[in-house]
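The next block holds one structure in the form of structure tokens; read it before the comments.
There are 2 protein chains.
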Amino acid sequence: MVRLSKRVEYGLIALRHIASQRGAEIVTAKEISDKYGIPFDLLAKVLQRLSKAGVIVSHQGVRGGYSLALDPRAVQVSTIIHAIEGTTPVIAQCMSDGPASCEVFDVCTIKSPLTKVQANIERAFMSMTLAEIV
Amino acid sequence: MVRLSKRVEYGLIALRHIASQRGAEIVTAKEISDKYGIPFDLLAKVLQRLSKAGVIVSHQGVRGGYSLALDPRAVQVSTIIHAIEGTTPVIAQCMSDGPASCEVFDVCTIKSPLTKVQANIERAFMSMTLAEIV
DNA sequence: CTCAAATCGGACTTAAACAGTCGTATATAG
DNA sequence: CTATATACGACTGTTTAAGTCCGATTTGAG
Chain E
0 MVRLSKRVEY
10 GLIALRHIAS
20 QRGAEIVTAK
30 EISDKYGIPF
40 DLLAKVLQRL
50 SKAGVIVSHQ
60 GVRGGYSLAL
70 DPRAVQVSTI
80 IHAIEGTTPV
90 IAQCMSDGPA
100 SCEVFDVCTI
110 KSPLTKVQAN
120 IERAFMSMTL
130 AEIV
Chain Z
0 MVRLSKRVEY
10 GLIALRHIAS
20 QRGAEIVTAK
30 EISDKYGIPF
40 DLLAKVLQRL
50 SKAGVIVSHQ
60 GVRGGYSLAL
70 DPRAVQVSTI
80 IHAIEGTTPV
90 IAQCMSDGPA
100 SCEVFDVCTI
110 KSPLTKVQAN
120 IERAFMSMTL
130 AEIV
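Residue numbers (numbering that gives the first Met the number 0), protein chains in the order written: chain E, 0 to 133; chain Z, 0 to 133.
If you want it as structure tokens, here you go:
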């Protein structure tokens with residue numbers, strides 16, 4: 000199946016919410032969690048990853064929360080996915096690094112043609128920015 | 000994660016093998032299974048689905064096997080995926096039909112922008128044919 | 001006619017990925 | 001000091017994919 004994880008869906012919804020605030024107003028995880036019915040703990044982790052990736056800025060302590068760190072037009076969907084998933088989405092196992100790589104097959108006959116498809120998909124994710132989602 | 004299933008990978012490898020035969024020679028599932036180290040039972044099922052979808056033709060009984068049913072140039076990768084998965088791959092839950100649809104969220108704020116990305120991905124899968132993989 | 005080789009197809013088990021939960025630590029405004 | 005918020009690792013449960021098993025059917029060849 001070719002599908003985004005719930006984490007990414009939650010991240011997109013949250014980012015859209017944060018980005019649609021006027022000015023750089025701070026939004027709490029709880030606020031988003033309540034409004035969209037997203038499990039708080041899970042959402043919190045997603046926001047933490049987006050924060051570590053520099054997409055949003057976190058403000059700790061009382062009256063803390065999150066605000067956008069960048070111009071929405073500069074945030075590509077692919078960046079968001081990478082920030083949340085930790086890895087760049089790859090279409091087939093034979094394209095990933097590490098032990099699960101192509102070596103499983105004596106001869107991987109489909110790697111090179113799939114590279115093209117992969118590039119097209121990446122382009123699809125890069126071509127949309129947060130600004131277009133808001 | 001955005002990744003093709005093993006079944007689809009196996010299917011592509013198998014189709015490439017079958018398509019690379021000269022003439023319309025018949026290839027058995029065992030032959031492919033052995034050559035590429037793919038679990039026989041699993042591969043068999045993949046081939047059966049491709050057969051039901053009319054991508055390949057099955058020949059039962061002794062000296063049976065599979066051969067291509069169509070011109071490789073007419074077989075899109077998207078067709079292959081659909082034949083094997085049974086469903087059209089959808090990028091986010093909110094885009095699928097049925098009970099797992101968008102209604103989970105009071106307000107799904109990301110559906111419409113993701114539709115564009117979805118269309119681009121589908122185009123990526125449609126733009127490559129079996130002929131280009133051989 | 002019989003047998004072996006092959007597809008057919010449902011049911012089952014195992015493994016891996018994902019979703020979600022819990023507990024605790026840290027920061028900070030008031 | 002305390003209530004409120006993020007930070008983060010560890011854990012559990014659920015779902016989905018991967019792989020296995022078993023028997024049925026088809027059919028060419030001896």
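Glycine included, each C-beta is placed from N, C-alpha and C at the ideal position.
No experiment lies behind these values; they were computed from the predicted model shown.
Taking all protein chains shown into account, decide if residue 13 (chain E) is buried (16 or more other Cβ within 10 angstroms of its Cβ) or exposed.
-> buried
Got a sec: is the Cβ-Cβ distance from residue 1 (chain Z) to anything in chain E below 7 angstroms?
-> yes
Between the stretch 108-121 of chain E and the stretch 115-128 of chain Z, do three or more beta carbon pairs fall short of 8 angstroms?
-> yes
Simplified DSSP assignment, three categories, for residue 98 (chain Z) = Any reading at residue 98 (chain Z) needs caution, since the residue's pLDDT is 38, under 50, leaving its predicted position unreliable; the model's value is listed next. DSSP places residue 98 (chain Z) in coil when its eight states are reduced to three.
Touch check for the stretch 8-22 of chain Z and the stretch 5-23 of chain E: three-plus C-beta pairs under 8 angstroms?
-> no
Apart from the five residues on each side of it in sequence, which residues of its chain come closer than 8 angstroms, Cβ to Cβ, to residue 47 (chain Z)?
-> 57
Taking residue 38 (chain E) as the query, report the chain Z residues whose CB atoms sit under 8 angstroms from its CB, ordered along the chain.
-> The contacting residues do not exist; residue 38 (chain E) stays about 12 angstroms from chain Z at best.
is_contact[residue 72 (chain E), chain Z] using C-beta, thresh 7 angstroms | no
Using the Cα positions of residue 62 (chain Z) and residue 88 (chain Z), report the straight-line distance between them to the nearest angstrom.
-> 35 angstroms
CB contact flag (residue 23 (chain Z), residue 42 (chain Z), <7 angstroms) | no
Which residues in chain E sit within 9 angstroms of residue 92 (chain Z), going by Cβ to Cβ distance?
-> 2, 3, 5 and 8
Min CB distance residue 15 (chain E) to chain Z below 7 angstroms | yes
Residue 67 (chain E), enclosing beta strand (DSSP E) - first and last residue = 64-67
Can you find a C-beta in chain Z that's less than 7 angstroms from the C-beta of residue 125 (chain E)?
-> no
Is residue 133 (chain E) helix, strand or coil when you go by DSSP?
-> coil
Inter-residue spacing [alpha-carbon to alpha-carbon] between residue 65 (chain E) and residue 80 (chain E) = 18 angstroms
Check whether the Cβ of residue 88 (chain E) sits closer than 6 angstroms to any heavy atom of the ligand ADP, and report yes or no.
-> No copy of the ligand ADP appears in this structure; indeed no ligand is present at all.
From Z:33, Z:71 and Z:30, pick the residue whose C-alpha is nearest to that of residue 132 (chain Z); which is it?
-> Z:71
Chain E within 7 angstroms of residue 79 (chain Z), Cβ atoms only = no
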